[in-house]
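Residues in the sequence shown are numbered consecutively from 326, following our numbering. C-beta atoms are modelled at their ideal positions from N, C-alpha and C, and glycine is treated no differently. Remember, predicted model here, so these are calculated numbers, not experimental data. Comments concern the structure below.
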Amino acid sequence: MRRSHTIRIVVLTIVLLSIINCKVGISGDEKEYYYKLRMSFINNGSNDYFLTLEDKLFTVFPNTSVQQVYIVEANPSVERTLRDEDGNLFAELNLPETIRPGENITVTILMKINLISRSLPQVSIDSSGTLFDIPVELVNYTTSSGAWKYENEDLKYIAELAAHIRGNDTNVLRIICEMVEFIGSRVEYPSGEELRPPQYPSQTLPSPGERGEGDCDDQSTLLITMLRSIGIPAYLQTGGVLSTDYSLNGNTWDGHLTISSRGIGWHGWVEAYIPPWGWLPVDITYGYYPQRQNPLSSIKYSASATEHVLESEKYSNMDFVAESLRTEERIKRSSLYLHVEEEVYTRSLFDNNLNWGEPLKKSIILLILLLTILVIVLATLYLLERRAYLKGFNNVRIEILRLTIPDNLDVEMQHKLRVTNLKTSDISLN
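See below:
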């Protein structure tokens, strides 16, 4: 099933350029994370906006050997799940058909992810297999399809360039290393931080004699095209490097898309089949790009091998570049505006953030109770002090009265005077 959807394209659009120079490192063998997505659909037009199927779909991160994903919350609820032709899983949300002018709809998705670090074998060029060791059943990963149509006229020069780099060599790992070195020497990573759509290999490297420019997925797409054209299976893997060091705020699509991202830096890299080890990451911009010394570092120091990475979608047949551009143009021509907030938490941070309401309620109740107790204590102390003061004062009055009543009055008259002067104060204290 070939189709696109808005939330996936939003993820493809988020490119965090700072991750090429920021190594966060893996801590522990397994870690629990929570991914929270809040996305608002706002109709700023004068007519109803009709939601399409692609608007209603969101990516469900896959279960793999290194990650297990659970949907904790989906609001609105999930109506059904679908897969595309590359096997990526999506959930359709139970959203209305239209958004009226001035109205907005907010989607909230919460997923729990258990991640373990990816273990890679020790690789060396001398131990690598040859092109003839690649299983025949992997031929689908070498076809001229998707964004890497090396048989098309506009990409033939890239296939010829790959054939020239390979020469007569059949050692798969050595061929890959030579291509990594070539791309690293000819393609620059864009300077600055901006939200960029993906591009075709011909845009990343316009001609064999020119220097090019492209970010992680652009350089990966170029490498995949070159590898496939000489028979090495390869596909594009996307995912997010998880760390509190990452944050992104920006807008694109002529202001129709506003993004706030924390705790995750989206990334793209090549997965290539290298016998005898099988599928291995080849990460030009994260593993090789910073040092540009040993091309084997594109594997050894790849993001998926050195960081906690949340694997998202893989692309082997779909033209994800065309899909992204189509969705962008459709949204830009519409009255729909998208506000996206995504954040990744560790378990402890997420518990503090997710359950803020109940602890806050309990804290307020406790505070009120403490204040009540404090008021009672202060009032009691005040009354005790006043009682002591008044009692002492009245005792003085009694003594004064005793001194001022004449002794020559008869007993009955003395008693009346004392009762008259003392009854109000003494009764109140006794």
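Quick one: is LEU691 buried, meaning 16 or more other Cβ sit within 10 Å of its Cβ, or exposed? Residue burial annotation: LEU691 is exposed, with fewer than 16 other C-beta atoms found within 10 angstroms of its C-beta.
Return the first residue and the last residue of the beta strand (DSSP E) that ARG599 is part of. Inspection of the sequence shows that residue 599 is occupied by Ile rather than by Arg. Element bounds for ILE599: 582-599.
DSSP has GLN562 in a bridge; who is on the other side? DSSP links GLN562 through a beta bridge to TRP594 and LYS639.
Euclidean distance between Cα positions of ILE549 and HIS592: Between the C-alpha atoms of ILE549 and HIS592 there is a straight-line separation of about 16 Å.
Output the boundary residues of the alpha helix (DSSP H) element that contains ARG521. Taken as a continuous stretch (DSSP letters only), ARG521 belongs to no alpha helix (DSSP H), as it is neither H nor E.
Using the C-alpha atoms, what's the distance from THR671 back to ILE698? If I take the Cα positions, the gap works out to 38 Å.
Determine the closest residue to VAL435 out of ILE584, MET364 and LEU661, with distance taken between C-alpha atoms. Per the sequence presented here, residue 435 reads as Leu, with Val not at that position. Between LEU435 and the set ILE584, MET364 and LEU661, the nearest pair of CA atoms involves MET364.
Could you check if ASN574 is buried or exposed, using at least 16 other CB atoms within 10 Å of its CB as the buried criterion? Around the beta-carbon of ASN574, fewer than 16 other beta-carbon atoms lie within 10 Å, marking it exposed.
Return the first residue and the last residue of the beta strand (DSSP E) that TYR395 is part of. For TYR395, the uninterrupted beta strand (DSSP E) run begins and ends at 392-400, by DSSP.
Alpha carbon to alpha carbon, how far is SER641 from ASN465? Between the alpha carbons of SER641 and ASN465 lies a gap of roughly 8 Å.
Does DSSP classify LEU661 as helix, strand or coil? Strand at LEU661.
Starting from GLY603 and walking both ways along the beta strand (DSSP E), at which residues does that stretch end? Judged by DSSP secondary structure, GLY603 falls within the beta strand (DSSP E) whose first and last residues are 603-607.
Please report how far the alpha carbon of ILE396 lies from the alpha carbon of ILE490, in whole angstroms. One C-alpha to the other measures close to 46 Å.
Ordered along the chain, which non-local residues of its own chain (more than five positions away) have a Cβ less than 6 Å from that of SER554? So the qualifying residues of the chain are TYR475, ALA484 and ALA487.
Under a three-way DSSP split, which group does ASP409 fall into? The answer is coil: DSSP assigns ASP409 none of H, G, I, E or B.
Beta-carbon gap between PRO531 and VAL646 smaller than 8 Å: No. Outside cutoff.
What is the DSSP secondary structure of SER470, counted as helix, strand or coil? Three-state result, SER470: strand.
Validate contact between the segment 373-384 and the segment 616-627 using beta carbons, cut 8 Å, 3 pairs: These segments do not touch.
For ASN369, which option in LEU382, ARG658, ILE693 and SER637 has the closest C-alpha, if you only look at C-alpha atoms? Ranking the options by Cα distance to ASN369, first place goes to ARG658.
So which of ASP451, ARG425, THR546 and ASN493 has the shortest CA-CA distance to TYR525? It is THR546.
Measure the CB-CB distance between GLU355 and LYS437 and report whether it falls below 8 Å. No, the pair does not count as a contact, with Cβ atoms beyond the cut-off.
Is MET643 near GLY471, with beta carbons less than 8 Å apart? A Cβ-Cβ contact shorter than 8 Å links MET643 with GLY471.
For the segment 565-574 against the segment 493-504, do three or more pairs of beta-carbon atoms, one drawn from each stretch, fall closer than 8 Å, so that the two count as touching? No: the two stretches stay apart, fewer than three of their Cβ pairs being nearer than 8 Å.
Assign SER442 to one of three DSSP states: helix, strand, or coil. When secondary structure is reduced to three states using DSSP, SER442 falls in the coil class, being assigned neither helix nor strand.
Taking just the CA atoms, how far does GLY427 sit from ILE557? ILE557 and GLY427 have their C-alpha atoms spaced approximately 52 Å apart.
By the three-class DSSP mapping on this structure, what secondary structure does GLY534 have? Three-state result, GLY534: coil.
Nearest neighbour of HIS581, chosen from THR610, LEU708, SER660 and ARG587 [CA to CA]: Ranked by Cα distance from HIS581, the first of THR610, LEU708, SER660 and ARG587 is SER660.
Does the count of Cβ pairs from the segment 410-429 and the segment 444-464 closer than 8 Å reach three? Proximity of the segment 410-429 to the segment 444-464 falls short of the contact definition, fewer than three beta-carbon pairs being nearer than 8 Å.
Give the DSSP-derived three-state secondary structure of TYR482 in the structure shown. In the structure shown, TYR482 sits in a helix (DSSP, three-state: H, G or I).
Going by DSSP, name the residue or residues bridged to LEU567. ILE589.
What residues in its chain sit with their C-beta under 6 Å from that of TRP473, if we drop five residues either side in the sequence? Excluding residues within five positions, the ones whose Cβ falls inside 6 Å are ILE549, THR550 and ARG553.
Just the Cα atoms here: how many angstroms apart are LEU726 and ARG711? Below a pLDDT of 50, predicted positions are generally treated as unreliable, and LEU726, at 48, falls in that range; the measurement from the model is reported next regardless. Taking the straight line joining both Cα atoms gives about 22 Å.
Euclidean distance between Cα positions of ALA559 and PRO601: Each residue's Cα considered, the two are about 15 Å apart.
Neighbourhood of TYR662 by C-beta distance below 7 Å, restricted to the same chain and skipping five residues each side: So the list reads ILE367, ASN369 and HIS581, once near-sequence residues are dropped.
Assuming LEU759 and LEU445 make a contact with CB atoms under 8 Å, what is their CB distance in whole Å? The displayed coordinates of the chain run from 326 to 755. Any statement about residue 759 would go beyond what the structure contains.
Which residues bound the beta strand (DSSP E) around SER365? Note, SER365: beta strand (DSSP E), 355-368.
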